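Read through the structure below, which is laid out as structure tokens, and then see the notes.
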Amino acid sequence: MAVIMPAIAIGGAPLATAVPTPGGQPADQIIQELSSDGYTVAINWVGGTSTLPLSLCRVNAIHNPNRGVPALPRRSVTVYVDVQCPDEGSNS
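Heads up: the sequence shown is residues 343 to 434, going by our numbering.
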């Protein structure tokens, strides 16, 4: 199930080349960074939807379907992130 998080549009610049690295930061930070860059972020839950805070989860992959030439403005682009959280019964 994908959850859409609207982003704030910041101009019409083409896609940035510096996309956050999956697994490098907690999921909430990566999602916030993408949203701050003007993208709409949709979450693909890996292993099912979780009620844990996104700060405890990791991003496994970032998918951006905007491969057109010319690239669409960021405000027109939805980026899909694969988020995996630990088992809710574990502490890690």
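Ideal Cβ positions, reconstructed from N, Cα and C, are used throughout, including at glycine.
Given the structure is predicted, the values throughout are model-derived calculations rather than measurements.
Checklist entry - Cβ atoms of Q426 and C399: under 8 Å apart, would you say? => result yes
Checklist entry - If you compare alpha carbons, which of S397, T382, G390 is closest to I404? => result T382
Item to check | CB-CB length for G442 against V401, believed under 8 Å | outcome: Because the chain spans 343 through 434 in this model, residue 442 falls outside it and cannot be assessed.
Checklist entry - Near D370, which residues of its chain fall below 6 Å by C-beta distance, leaving aside the five closest residues on each side in sequence? => result L396, S397
Next on the checklist: Relative to the C-alpha of Y422, which candidate in P368, S377, P428 has its C-alpha closest?
Outcome noted: S377
Item to check | Among N406, S392, V419, N386, nearest to D429 - alpha-carbon criterion | outcome: S392
Checklist entry - Between which two residues does the beta strand (DSSP E) carrying L379 extend? => result At residue 379 the sequence reads Asp, which differs from the Leu that was named. Per DSSP, D379 belongs to no beta strand (DSSP E) and is neither H nor E.
Next on the checklist: Helix, strand or coil for Q426? Go by DSSP, reduced to three states.
Outcome noted: strand
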